[in-house]
C-alpha cells in the first residue's frame with residue numbers, strides 16, 4: 001500500500017494491467033455479482049433527479065424494478081446500491097445489438113440528456129473504494145469475469161490506474177492523479 005493524504009492505494013493498481021474488453025466479457029460486471037452498484041447518498045439524489053432523462057434508455061424490466069423499489073436499496077453493509085432486476089442485473093442496464101451490456105445512465109449522458117455520467121463505483125471499476133476510520137482505501141478487485149480485461153491490459157501494457165485515468169480524476173482530482181503517476185515512476189525505479 002502507498003499513501004496519498006488520507007488515501008491508501010494498493011500497489012496492485014500500479015502493478016496489474018487492465019483494459020476492458022467488452023467484446024469478450026459482454027459487460028458482465030453489470031450483470032454478475034452479489035449486489036447492485038455501490039452508491040453514495042448524494043448519487044441516490046442525483047439518480048432520482050435525472051431518472052426521467054434515463055428512463056427512455058432503460059429496458060421495461062429495469063423500469064418496472066425501479067417503479068417497485070426506487071432507484072436504490074440498502075445492501076448488507078447498510079449502504080445504498082442500485083436496484084436489481086429480480087436479484088440479478090442492475091436495473092439500469094440494457095443490451096446492445098451485439099449482446100453487450102450497456103448503462104442507460106451513461107447513454108443518457110452520451111446523448112446530452114444529463115451531465116452525470118454514471119455512479120463513481122461503476123466508473124472506477126476494477127478499483128473499489130472502501131471507507132476507513134480515517135480516510136479511504138483504493139483496492140484492485142480481481143474477478144474471473146475480468147480475465148479478458150487483464151489479458152488485454154497485459155498485451156497493451158496499461159496499468160489499472162492509467163486505464164482509470166478519467167474516473168480517478170473525476171473522483172479525486174488532477175493533483176491526485178499526478179501523485180499516482182509520481183508513485184508509479186518511483187515504484188518502477190525501486191524495481192530496477
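Numbering (full-length UniProt numbering), first residue to last: 1 to 192. Think of the CB as a built atom: it goes at the ideal place given N, C-alpha and C, for glycine as much as any other residue. Bear in mind the structure is a predicted one, so any value in this text is a computation, not a measurement.
Q) Using a C-beta cutoff of 9 angstroms, does residue 76 count as contacting chain C? A) Judged by its chain identifiers, the structure shown contains no chain C, having just a single protein chain.
Q. Rounded to whole angstroms, how far is the Cβ of residue 100 from the Cβ of residue 27, which I believe are closer than 8 angstroms?
A. The Cβ separation is near 5 angstroms, so the contact holds.
Q. Which of helix, strand or coil does DSSP assign to residue 119?
A. It is coil, neither helix nor strand.
**Q.** Short Cβ contact (9 angstroms threshold) for residue 38 with residue 79
**A.** Yes, the Cβ-Cβ distance between residue 38 and residue 79 is below 9 angstroms.
Q: Look at the alpha carbon of residue 154 and the alpha carbon of residue 24, and state the distance between them as a whole number of angstroms.
A: Distance between the alpha carbons of residue 154 and residue 24 is about 15 angstroms.
Q.
For residue 103, report the span of its beta strand (DSSP E) as first-last.
A. Counting along the chain, residue 103 sits inside the beta strand (DSSP E) bounded by residues 101 to 103.
Q. Does DSSP put residue 213 in a helix, a strand or coil?
A. Limits of the chain in this structure are 1 at one end and 192 at the other, which puts residue 213 out of reach.
Q) Count the other CB atoms within 10 Å of the CB of residue 191; is the residue buried (16 or more) or exposed (fewer)? A) Exposed, by the Cβ-count rule.
Q) Would you call residue 16 buried or exposed, if buried means 16 or more other Cβ atoms sit within 10 Å of its Cβ? A) The residue is buried, with at least 16 neighbouring Cβ atoms inside 10 Å.
Q: Can you tell me which of the three DSSP states residue 88 falls into?
A: In the structure shown, residue 88 sits in coil (DSSP, three-state: anything other than H, G, I, E or B).
Q: Evaluate contact between the segment 3 to 23 and the segment 66 to 76, counting only Cβ atoms and requiring at least three cross-stretch pairs below 8 angstroms.
A: Counting Cβ pairs under 8 angstroms, fewer than three are found: no touch.
Q: Can you tell me the Cβ-Cβ gap for residue 83 and residue 66, rounded? I've got them flagged as a contact below 8 angstroms.
A: The C-beta distance from residue 83 to residue 66 rounds to 6 angstroms, short enough to fall under 8 angstroms.
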